[in-house]
Ligand code: HEC
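Residue numbers (the working numbering): 792 to 1146.
#1: Near residue 1088, what residues of its chain come up, given a Cβ to Cβ distance below 6 Å and the 5 sequence neighbours on each side ignored?
#2: Taking a contact to mean a Cβ-Cβ separation below 7 Å, would you say residue 1027 touches residue 1076 in this structure?
#3: Nearer than 6 Å: is that true of the beta carbon of residue 868 relative to any heavy atom of the ligand HEC?
#4: Beta-carbon within less than 6 Å of residue 970's beta-carbon, same chain only, minus the 5 sequence neighbours each way: which residues are those?
#5: Rounded to whole angstroms, what's the CA-CA distance from residue 1096 to residue 1059? Just pull it up for me.
#6: Can you pull the DSSP bridge partners for residue 1082?
#7: Work out the CA separation of residue 1080 and residue 981 for me, nearest whole Å.
#8: Assuming the contact rule is C-beta atoms closer than 8 Å, residue 1074 and residue 1040 should be a hit. Round their C-beta distance to whole Å, please.
#9: Would a C-beta distance cut-off of 7 Å place residue 983 and residue 924 closer than the cut-off?
#10: With C-beta atoms as the reference, is residue 908 less than 7 Å away from residue 1052?
#11: In whole angstroms, what separates the C-alpha of residue 996 from that of residue 977?
#12: Near residue 921, what residues of its chain come up, given a Cβ to Cβ distance below 7 Å and the 5 sequence neighbours on each side ignored?
#13: Are residue 888 and residue 882 closer than 7 Å when you measure CB to CB?
#14: Residue 930: which of 936, 944, 994 and 871 sits nearest, CA to CA?
#15: Quick check on residue 868: does DSSP put it in helix, strand or coil?
#16: Among the candidates 840, 906 and 880, whose CA atom is the shortest distance from the CA of residue 828?
#17: Using only the heavy atoms of the ligand HEC, determine whether one of them is closer than 6 Å to the beta carbon of residue 965.
#18: Following the continuous alpha helix (DSSP H) through residue 833, name the residue where it begins and the one where it ends.
#19: Given this structure, state the Cα-to-Cα distance separating residue 947 from residue 979, to the nearest angstrom.
#20: As a quick exercise: from 926, 853 and 937, pick the residue whose alpha carbon is nearest that of residue 1023.
#21: Could you give the residue range of the beta strand (DSSP E) that holds residue 1053?
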């Protein structure tokens, strides 16, 4: 296909990524100030690097704060809190009551995925014509392809295509639209040989004809909980590798969307709740392993990275980004220093590692 059509197709896919779901919250029946003291103050007053200060949070809308705590980056910090408590924190921070709209509506716990679409004969033929993505292709993708989150292993997010430049960018126009469900989502689509593979909300993978936007197949995983923000998927040898909101990694047949394996990532003790962890980054395939980062925000034990065998999904290795007490650099006291939230649970005796 022509380079221009491919670039337009990629742009259309990016523009269509879903918007974050809104929230709706009852008027506070809980003590927002006390909750802020216990759960938020340690990072927001005074503010740790990158975090908005207490003063800045005052300028947020109640909906922004509620969204951050329910579907956004602060979701792990609100683990175990109910709607009334989250509403009370928003009211405490902004000094404004939650609006009637926020109070009247009810946020569904998890958005139901649209029904799966199986590929018809024409779609199977189209998908079957794609050249295989091998280890060698992943190292040197064709100019019109986008095979990794950052396009190439060096993660430069740089396209060698030249048709769009400073002079021509103003002439970009939509080539097609494809319907996506609303929800937390920040994917980079993969593009290969005129096909696009996109992960969107809720935990849904789409195979599209990148030249027309036609959906060739759609498959949803039903997570145990709400759909989280994820950055994308990986491809190799006719398979797509898909991280989910509930810490599974799936291998799907890229031609049919059928499941090949489903691996649930185990928690690292002392973590007890899967809700504190997310598979935000796109998986990276290196040799016969899939490398997946597991983010942790304020969760005991901190984050970790797993290496899975791409043939079976079996976990081959795990690396904790904060040393375990029995690992080099770890001490008996590190349990309390894994995060500010962990330190809060230990009391004031341990200094924390700045996040
Ligand atoms: C362990 C430290 C930590 C704790 C505890 C914490 N936050 Fe945060 N918060 C941060 C950091 C760091 C950021 C900036 C995040 C980023 O840039 O990705 C942030 C960002 C935010 C934002 C802005 C989010 C956005 O999408 O713009 C809000 C709102 C917020 N926090 C509210 C809270 C509330 C309310 C609590 C308590 C329930 C809380 N935070 C607990 C560290 C923390």
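Glycine included, each C-beta is placed from N, C-alpha and C at the ideal position.
According to the structure data:
#1: 867
#2: yes
#3: yes
#4: none
#5: 11 Å
#6: 1075 and 1098
#7: 19 Å
#8: 7 Å
#9: In this structure, residue 983 lies near residue 924, with their beta-carbon atoms less than 7 Å apart.
#10: no
#11: 13 Å
#12: 983, 984 and 986
#13: yes
#14: 944
#15: helix
#16: 880
#17: No.
#18: Residues 832-835.
#19: 13 Å
#20: 937
#21: Taken as a continuous stretch (DSSP letters only), the beta strand (DSSP E) holding residue 1053 covers 1050-1055.
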